[in-house]
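**Q** These protein sequences, in sequence, are chains R and E.
So that you can map any letter, position 19 of the first sequence is 20 in our numbering, and since no number is skipped, the others follow by simple counting.
So that you can map any letter, position 151 of the second sequence is 154 in our numbering, and since no number is skipped, the others follow by simple counting.
C-beta: ideal position from N, C-alpha, C; glycine also.
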Amino acid sequence: MTTPLFEAKNLQKYFPVKGGILNRTQAQVKAVDDVSFAINPGETLSIVGESGCGKSTTGRAILRLDDPTDGEILFEGQNLMELSKSDLRQKRKEMQIIFQDPYASLNPRQKVKQILDEAMAIQGVVSKAKRPERIRELMEVVGLRPEQAERYPFQFSGGQRQRIGIARALSVDPKLIVCDEAVSALDVSTQAQVLNLLKKLQKDLDLTYLFISHDLGVVRHISDRVIVMYLGKIVEIADKKDLFDSPRHPYTRALLSAIPIPDPSKSRERIVLQGDVPSPMNPPAGCRFHTRCPFATDICKTEEPELRSTTFMNETHKAACHHIEKIAETEKTSIV
Amino acid sequence: MASNEQTPVLEVKGLQTSFFTPDGEVKAVDGVDFSVNSNETLGIVGESGSGKSITSLSVMRLIQHPGKIVGGTIELSGEDLLKKSKQQFAKYRGNRLSMIFQEPMTSLNPVFTVGSQIAEAVRIHKKLDKKAAWQEAVNMLKLVGIPAPEDRAKRYPHELSGGMRQRVMIAIALSCDPELLIADEPTTALDVTIQAQILELIKELQEKSGMAVLMITHDLGVIAETADKVVVMYAGEVVEQADVKTLFKQPLHPYTQGLMNAIPRHDIDLDELEMIPGTVPTPQNMPSGCRFAERCPYARDLCVEKHPELATPSNNVDEAVTTGQTRCWIYTDEWDGPNPTKGVATNQ
Ligand SMILES: Nc1ncnc2c1ncn2[C@@H]1O[C@H](COP(=O)(O)OP(=O)(O)OP(=O)(O)O)[C@@H](O)[C@H]1O
Ligand SMILES: Nc1ncnc2c1ncn2[C@@H]1O[C@H](COP(=O)(O)OP(=O)(O)OP(=O)(O)O)[C@@H](O)[C@H]1O
Ligand code: SF4
Ligand code: SF4
Ligand SMILES: [Mg+2]
Ligand SMILES: [Mg+2]
Numbered sequence: 002m003t004t005p006l007f008e009a010k011n012l013q014k015y016f017p018v019k020g021g022i023l024n025r026t027q028a029q030v031k032a033v034d035d036v037s038f039a040i041n042p043g044e045t046l047s048i049v050g051e052s053g054c055g056k057s058t059t060g061r062a063i064l065r066l067d068d069p070t071d072g073e074i075l076f077e078g079q080n081l082m083e084l085s086k087s088d089l090r091q092k093r094k095e096m097q098i099i100f101q102d103p104y105a106s107l108n109p110r111q112k113v114k115q116i117l118d119e120a121m122a123i124q125g126v127v128s129k130a131k132r133p134e135r136i137r138e139l140m141e142v143v144g145l146r147p148e149q150a151e152r153y154p155f156q157f158s159g160g161q162r163q164r165i166g167i168a169r170a171l172s173v174d175p176k177l178i179v180c181d182e183a184v185s186a187l188d189v190s191t192q193a194q195v196l197n198l199l200k201k202l203q204k205d206l207d208l209t210y211l212f213i214s215h216d217l218g219v220v221r222h223i224s225d226r227v228i229v230m231y232l233g234k235i236v237e238i239a240d241k242k243d244l245f246d247s248p249r250h251p252y253t254r255a256l257l258s259a260i261p262i263p264d265p266s267k268s269r270e271r272i273v274l275q276g277d278v279p280s281p282m283n284p285p286a287g288c289r290f291h292t293r294c295p296f297a298t299d300i301c302k303t304e305e306p307e308l309r310s311t312t313f314m315n316e317t318h319k320a321a322c323h324h325i326e327k328i329a330e331t332e333k334t335s336i337v
Numbered sequence: 004m005a006s007n008e009q010t011p012v013l014e015v016k017g018l019q020t021s022f023f024t025p026d027g028e029v030k031a032v033d034g035v036d037f038s039v040n041s042n043e044t045l046g047i048v049g050e051s052g053s054g055k056s057i058t059s060l061s062v063m064r065l066i067q068h069p070g071k072i073v074g075g076t077i078e079l080s081g082e083d084l085l086k087k088s089k090q091q092f093a094k095y096r097g098n099r100l101s102m103i104f105q106e107p108m109t110s111l112n113p114v115f116t117v118g119s120q121i122a123e124a125v126r127i128h129k130k131l132d133k134k135a136a137w138q139e140a141v142n143m144l145k146l147v148g149i150p151a152p153e154d155r156a157k158r159y160p161h162e163l164s165g166g167m168r169q170r171v172m173i174a175i176a177l178s179c180d181p182e183l184l185i186a187d188e189p190t191t192a193l194d195v196t197i198q199a200q201i202l203e204l205i206k207e208l209q210e211k212s213g214m215a216v217l218m219i220t221h222d223l224g225v226i227a228e229t230a231d232k233v234v235v236m237y238a239g240e241v242v243e244q245a246d247v248k249t250l251f252k253q254p255l256h257p258y259t260q261g262l263m264n265a266i267p268r269h270d271i272d273l274d275e276l277e278m279i280p281g282t283v284p285t286p287q288n289m290p291s292g293c294r295f296a297e298r299c300p301y302a303r304d305l306c307v308e309k310h311p312e313l314a315t316p317s318n319n320v321d322e323a324v325t326t327g328q329t330r331c332w333i334y335t336d337e338w339d340g341p342n343p344t345k346g347v348a349t350n351q
């Protein structure tokens with residue numbers, strides 16, 4: 002058993018919804034609700050799910066960019082919730098984040114070399130004299146030419162800007178990088194460039210990734226393990242192969258079947274889900290997926306299912322559904 | 004399968020649309036040809052900035068200053084749309100041809116209920132009175148699968164989810180039984196489970212009405228699942244055109260091949276994604292030869308010097324796959340030697 006690099010235990014993040022004359026808290030958005038997982042050193046763990054399910058909130062909460070409302074976050078065994086602001090700042094160099102829109106996160110009035118220099122200065126990881134050399138190195142690592150560090154962000158294409166975002170994250174020698182939709186805004190050809198780069202860097206620099214994405218194709222390509230979220234909860238977690246080849250949760254199955262496959266000769270059964278995702282302010286009781294689940298029964302409306310494994314699942318594979326066994330049974334009879 | 008004798012619902016020939024900017028002319032669409040028959044879906048695919056939206060906006064004659072259609076013809080069931088006066092064309096738009104956009108919020112009016120917006124469209128095109136138009140609006144909402152349509156008709160756009168708003172847009176677009184529906188990235192802003200609902204809906208409605216559909220997307224998966232024929236655009240030009248099965252089975256153009264091998268897929272494992280090096284040329288530095296040459300692994304002097312035409316392949320291709328057209332020197336008699344792309348397996 003490897004010791005995890007990172008662990009989230011019963012992580013919770015509620016956002017208050019204020020309103021009325023007194024601007025009192027009227028409700029809570031349960032963006033992340035009792036989420037636990039561990040990330041092993043050197044692996045890529047992904048979080049997938051539809052818009053609003055709590056992926057970004059999870060990513061931000063574990064870095065304490067937004068403080069969790071409850072739960073524990075452990076980095077190399079140390080509880081980050083107990084750290085003071087200044088100790089936390091020190092720890093931040095171990096944990097970096099890359100965002101979807103590299104443009105919004107880069108200061109347009111700074112040259113790339115200033116952006117990288119500042120990141121290193123804040124963390125105090127590289128002495129001033131050594132920074133120019135480090136900047137050259139970083140530019141090369143992410144596949145840009147060192148002299149391009151003299152340019153401003155707007156002088157780069159989207160894919161190149163994402164490389165700058167990666168260079169900035171790498172500048173402080175992190176162990177863990179949270180990639181929040183890091184390739185989602187890119188065209189496929191550019192996306193492939195950045196994905197291949199992330200994979201290479203992981204190998205070369207021994208990085209650990211928490212990779213957040215709504216694109217299951219990208220996730221299959223980059224991950225070792227995958228978490229599927231729905232309305233603030235983990236509904237399934239598994240090794241990549243198990244998740245894509247034998248998904249157990251009805252939501253995961255619907256999600257996988259909904260993605261168009263770029264191959265017109267492949268025909269398949271599509272599970273079209275009815276209705277919309279309910280509001281996280283007022284999530285359904287019991288299993289949060291029951292309002293859209295084709296397998297829902299009475300117990301689903303009242304009792305919340307635990308994440309669990311069963312005899313025919315690998316022990317690292319868990320799904321939160323009351324009827325895993327029954328659904329596997331119907332599958333045997335319906336699929337030839 | 005559509006026969007060739009049929010008059011296409013839409014036939015675009017040599018379309019050129021440019022923007023006249025202070026930095027010079029931007030040829031956003033530069034000589035585009037395609038046609039769509041009734042009951043058929045033509046997919047237009049290409050990366051950001053390749054000219055997909057400008058092509059569809061040109062068909063709708065919605066190009067705004069400083070843009071201008073500078074060449075070509077656009078025929079709707081044989082009638083040249085570019086010869087119509089503004090007033091004549093206004094009667095066609097939203098009547099014989101309709102369009103839905105990526106972000107329905109920007110095309111719906113926030114201060115009117117969705118029911119009144121559909122009713123307005125119906126009243127104009129079907130010449131119904133107010134009450135009948137409202138009833139028709141409710142029917143349309145029901146047709147596009149919105150639950151509790153009587154109630155939803157009274158709601159404002161912001162009170163509906165993204166998927167429901169897109170359904171409303173479809174209801175408005177279809178309220179006049181168009182011959183042609185243009186869908187420009189209709190599901191790009193939506194979640195995949197909602198995307199599946201919307202694509203299914205468009206298909207169902209097409210089966211009922213026989214309309215022609217122009218499906219514009221950057222997603223090859225959406226193309227594979229919805230289109231009968233496909234046009235691949237690159238830097239303002241069509242670089243390949245084929246029926247959907249042929250295109251995916253044997254893409255000819257190096258760009259199309261690269262695109263297909265660059266997509267990470269959720270249904271199969273790929274060791275490494277193919278990278279198309281570099282980026283799309285900017286209009287200011289448009290190469291005079293093949294526009295893909297600086298990113299193409301097979302480029303030769305010929306490619307850099309001379310601009311290839313979109314043509315039926317006459318060289319380096321199996322007899323069986325000459326149903327499409329491509330814009331690449333490899334498939335012409337001017338190319339010496341074997342097809343360098345042979346053996347470049349696609350993911351299929
Ligand atoms: N600052 C905030 N205040 C109130 N609600 C918030 C805030 N941030 C996020 N939320 C809500 O929390 C829920 C989860 O949001 P989150 O951004 O984590 O989703 P996501 O899974 O990252 O979605 P997307 O795929 O759209 O990025 C959503 O319902 C969102 O509206
Ligand atoms: N108002 C404008 N002025 C100058 N150039 C323009 C203008 N509108 C569009 N263009 C140019 O026309 C080209 C084609 O744009 P278009 O919107 O058709 O691309 P697209 O294929 O739809 O891309 P996307 O996938 O990003 O929607 C682009 O290079 C763009 O820069
Ligand atoms: S617990 Fe019930 S409602 Fe939830 S996913 Fe399983 S079958 Fe569906
Ligand atoms: S014409 Fe030449 S450069 Fe262009 S795609 Fe064909 S081989 Fe490549
Ligand atoms: Mg997010
Ligand atoms: Mg567009």
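(1) Strictly by DSSP, which residues pair up with E:ARG82?
(2) Please decide whether E:PHE295 counts as near chain R, where near means a Cβ-Cβ distance under 9 Å.
(3) When the Cβ atoms of the stretch 142-150 of chain R are set against those of the stretch 163-175 of chain R, are three or more pairs found closer than 8 Å?
(4) Kindly examine ligand 6 and report whether one of its heavy atoms sits closer than 8 Å to the Cβ of E:GLN105.
(5) Spell out whether any CB of chain E is found under 9 Å from the CB atom of R:GLN79.
(6) Anything in chain E within Cβ reach of R:GLN194, meaning under 7 Å, just list it in chain order.
(7) Taking E:GLU188 as the reference, which of E:GLY224, E:GLY75, E:THR326 and E:PHE37 has the closest Cα?
(8) Have a look at R:GLY233 and R:THR331 and give me their C-alpha separation to the nearest angstrom.
(9) For the stretch 86-117 of chain R, which residues have a CB atom closer than 8 Å to at least one CB atom of chain E, in sequence order?
(10) Would DSSP call E:LEU65 helix, strand or coil?
(11) Within the continuous alpha helix (DSSP H) that includes R:ASP35, where are the two ends?
(12) So does E:GLU50 have its beta carbon nearer than 8 Å to some heavy atom of ligand 6?
(13) Determine the burial state of E:MET289: buried for a count of at least 16 other Cβ atoms within 10 Å of its Cβ, exposed for fewer.
(14) Between which two residues does the beta strand (DSSP E) harbouring E:ASP33 extend?
(15) With which residues is E:PRO180 paired in a DSSP beta bridge?
(16) To the nearest angstrom, report how far apart E:ARG2 and R:ALA168 are at their CA atoms.
(17) May I ask you to list the residues that DSSP assigns as paired with R:ASP216?
(18) Are the C-beta atoms of R:PRO285 and some chain E residue less than 9 Å apart?
(19) Between R:THR58 and R:ARG226, is the Cβ-Cβ spacing less than 9 Å?
(20) So, does the CB of R:ALA320 fall closer than 9 Å to a CB anywhere in chain E?
(21) DSSP three-state label for E:ALA135, please.
(22) For E:GLU43, is the beta carbon positioned less than 8 Å from some heavy atom of ligand 6?
(23) Do we get a CB-CB distance below 9 Å when we pair R:LEU256 with the residues of chain E?
(24) Using a threshold of 8 Å, is the CB atom of R:ILE178 nearer than that to any non-hydrogen atom of ligand 5?
(25) Determine the direct distance from the alpha carbon of E:ASN264 to that of E:GLY239, and round the result to whole angstroms.
(26) At the level of alpha carbons, what is the spacing between E:ILE57 and R:PRO306?
(27) Ligand 4 and E:PRO257: does any heavy atom of the ligand fall closer than 8 Å to the residue's C-beta?
(28) Quick check on E:ARG126: does DSSP put it in helix, strand or coil?
(29) What do you reckon, is the C-beta of R:THR4 under 8 Å from a heavy atom of ligand 7?
(30) So E:ILE185 and E:MET278 are in contact, right, with Cβ under 8 Å, and what is the actual spacing, rounded?
(31) So what does DSSP say about R:ASP155, is it helix, strand or coil?
(32) Buried or exposed for E:ARG170, going by 16 or more other Cβ atoms inside 10 Å?
(33) So E:MET218 is in the beta strand (DSSP E); what residue range does that whole segment cover?
(34) Note down the Cα distance separating E:PRO11 from E:PRO300, rounded to an integer number of angstroms.
**A** According to the structure data:
(1) First, the residue type needs correcting, since residue 82 of chain E is Glu and not Arg in the sequence shown. Bridge partners of E:GLU82: E:LEU79.
(2) no
(3) yes
(4) yes
(5) no
(6) MET278
(7) E:GLY224
(8) 28 Å
(9) none
(10) coil
(11) From DSSP, R:ASP35 is part of no alpha helix (DSSP H) but of the beta strand (DSSP E) over 25-40.
(12) no
(13) exposed
(14) 27-39
(15) Note on residue identity: the sequence assigns Asp, not Pro, to residue 180 of chain E. For E:ASP180, which the question treats as bridged, DSSP gives no partner whatsoever.
(16) An answer regarding residue 2 of chain E cannot be provided, because it is not within the stretch 4 to 351 covered by chain E.
(17) Beta-bridge pairing links R:ASP216 to no other residue.
(18) no
(19) no
(20) no
(21) helix
(22) no
(23) yes
(24) no
(25) 22 Å
(26) 50 Å
(27) yes
(28) helix
(29) Absence of ligand 7 from the depicted structure is noted, with ligand 1, ligand 2, ligand 3, ligand 4, ligand 5 and ligand 6 being the only ligands included.
(30) Actually they are not in contact, since the Cβ atoms of E:ILE185 and E:MET278 sit about 32 Å apart, beyond 8 Å.
(31) The residue asked about is misnamed: residue 155 of chain R is Phe in this sequence, not Asp. Three-state DSSP puts R:PHE155 in a helix.
(32) buried
(33) 215-220
(34) 37 Å
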